[in-house]
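Each residue of the sequence shown is one higher than the one before, starting from 1409 at the first, in the numbering used here. Data first, discussion second: the structure below is written as structure tokens.
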Amino acid sequence: DDALGSASRPSTAQLRSLIFEKERLSMSLPARPSHDAELASLQAQLKLVRKQRQRTAMLVESQKRALEEKRAADVVRAQKEVARAAGEEERSRRAREYDRVMQRMRSNYVEATSAPTTDQLQATFGVEGSPLRADTAESTEAEDEGEGSEGMLSAAAV
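Quick look at the structure:
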């Protein structure tokens, strides 16, 4: 052995001294038969605490999942409500537009049906057999027969 190797290892005398000291200390300690039972009890309590922690963690995760699912359901419900409201607004807008168109058509009809006829105008203004009216009547009849503006010229020539 070299000098460094022997210096780092304890000598036989040192080992004997350490063994003797260990035996002396172990003899001086009183025997505790309840030590094993106490250790077993503490280990059982530790196991119980670990199980409770695990259950609590599982319960917390379950509650988190339930809360997330509830939030997702609330979001879907809110989206459906918004879509329904938008649909109602669109239906309402279309109904208002329909009402406006119908009112305009009614007004036009009333205006058209309440306008005085040619006979009423002639009676009111005392104009009978106006050549303008006769030409217009003839041209309308000619156009109805399919002759168009040529029919109007021939009717005026006659």
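Glycine included, C-beta positions come from ideal geometry on N, C-alpha and C.
8 Å CB neighbourhood of residue i in its chain, flanking five on each side removed
{"i": "residue 1418", "result": "1426"}
{"i": "residue 1435", "result": "none"}
Span of the alpha helix (DSSP H) around residue i
{"i": "residue 1495", "result": "1442-1522"}
{"i": "residue 1526", "result": "1526-1533"}
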